[in-house]
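A short worksheet on the structure shown next.
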Amino acid sequence: MVVNYVEIAVKEIMEKLIEDYGYCKCEICKARALAMTLNDIEPQYVLTDAEFLAAKASFVRPDNYAKLLSITMDSLRKVNESINHDIQLMAMKNIAV
Ligand SMILES: [Zn+2]
Numbered sequence: 239m240v241v242n243y244v245e246i247a248v249k250e251i252m253e254k255l256i257e258d259y260g261y262c263k264c265e266i267c268k269a270r271a272l273a274m275t276l277n278d279i280e281p282q283y284v285l286t287d288a289e290f291l292a293a294k295a296s297f298v299r300p301d302n303y304a305k306l307l308s309i310t311m312d313s314l315r316k317v318n319e320s321i322n323h324d325i326q327l328m329a330m331k332n333i334a335v
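So for the sequence shown, the working numbering puts the first residue at 239; every next one is plus one.
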């Protein structure tokens with residue numbers, strides 16, 4: 239399985255920020271903020287447990303974590319300043335493999 243470590247880290251940070259700042263908790267707002275954030279950060283794909291742990295170790299470094307936090311915060315702020323619940327999230331059946 240291929241996992242983008244950054245996506246996991248961002249999701250975790252997002253949950254905390256949404257709770258702390260009272261941002262909208264719906265799936266649409268979370269998906270918009272997640273997409274916006276991930277488009278702004280280079281992904282880090284990992285395949286093995288060792289790679290996963292190495293990625294995790296690199297993201298607990300204060301400079302990396304601060305960057306992730308600030309980009310995630312920006313996205314959440316932007317999404318919550320212009321909430322749009324009138325969109326249809328992509329259905330998995332539309333994804334060709
Ligand atoms: Zn919402």
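Don't be surprised by glycine CBs; every beta carbon is placed ideally from N, CA and C.
By the Cβ rule, the stretch 269 to 278 counts as touching the stretch 312 to 321, because three or more pairs are nearer than 8 Å.
Per the coordinates, the alpha-carbon of S296 lies some 32 Å from the alpha-carbon of M328. Here I325 is exposed. Its C-beta has fewer than 16 other C-beta atoms within 10 Å. Rounded to the nearest angstrom, the gap between the Cα atoms of H323 and Y283 is 31 Å.
For L307, the CB contacts under 7 Å within the same chain, skipping 5 residues up- and downstream, are I251 in chain order.
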